[in-house]
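Take the sequence shown: its position 71, counting from 1, is numbered 78 in this note's numbering, and each next residue is one higher.
Glycine included, C-beta positions come from ideal geometry on N, C-alpha and C.
Note that this is a predicted model, so its numbers are computed, not measured.
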Amino acid sequence: MCAQRLVLWFQALLISLQWGVVFADAETDYNQTCAACHSLGVAGAPRIGDAGAWKDRIARGNDALFKNAINGYTGESGVMPPKGGFNDLSDDQVREIVIYMVSRSLDE
Ligand code: HEC
């Protein structure tokens, strides 16, 4: 658990070094909101970094992911609340977070 956190933290650090400011914001937003479910896979949420859980979703295209993240939906594994339940996030913020999540979950 602790080691896993360290690895996640290190990956996040690398990503933010690589992608700079754009992702720094999205990453902070992610950590304060979506991470509650998506970091550990709570309630059937696809875990960030789990390429297998994201492959088919990513294949449907960003627009489909944006729409489902913003409006919410019920899928085979669980319920994704609209904006994760964080209505203060703008649609653009949610889109940036989704791109961040996808970038962390690609099959290398
Ligand atoms: C309460 C838990 C919870 C929170 C908080 C949450 N999600 Fe989810 N999310 C889920 C679950 C569960 C699924 C999978 C639903 C399914 O496919 O059955 C999901 C799926 C997704 C997907 C995949 C959509 C698709 O079309 O396959 C995206 C993208 C996503 N969430 C983005 C976000 C973003 C961005 C946030 C933060 C703003 C967020 N989630 C917060 C539970 C959550």
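Considering Cα atoms alone, identify which of the options is closest to residue i.
| i | options | result |
| --- | --- | --- |
| ASP95 | GLY68, LEU72, TYR37 | TYR37 |
| ILE77 | VAL14, SER84, PHE17, ILE104 | ILE104 |
| PHE17 | LEU72, SER97, GLY56, ALA66 | GLY56 |
| GLU83 | GLY68, THR40, ALA52 | ALA52 |
| PHE93 | ARG12, ALA42, ALA66, ALA31 | ALA42 |
Just to check, is the beta-carbon of residue i closer than 8 Å to a non-hydrogen atom of the ligand HEC?
| i | result |
| --- | --- |
| VAL14 | no |
| LYS90 | yes |
| ARG67 | yes |
| GLY56 | no |
| CYS9 | no |
| PHE93 | yes |
| ASN75 | yes |
| LEU72 | yes |
| ARG111 | no |
To the nearest angstrom, report how far apart residue i and residue j are at their CA atoms.
| i | j | result |
| --- | --- | --- |
| SER46 | ASP70 | 22 Å |
| VAL49 | ALA10 | 19 Å |
| GLU34 | MET87 | 19 Å |
| ARG54 | ARG64 | 12 Å |
| GLY59 | SER112 | 8 Å |
| TYR107 | ASP99 | 12 Å |
| ASP114 | LYS62 | 8 Å |
| LYS74 | THR40 | 17 Å |
| VAL101 | GLY68 | 15 Å |
| SER97 | PRO89 | 11 Å |
Could you give the C-beta distance for residue i and residue j, rounded to a whole number, given that I count them as a contact under 8 Å?
| i | j | result |
| --- | --- | --- |
| CYS44 | GLY91 | 7 Å |
| LEU72 | VAL14 | Wrong, their Cβ atoms sit about 25 Å apart, outside the cutoff. |
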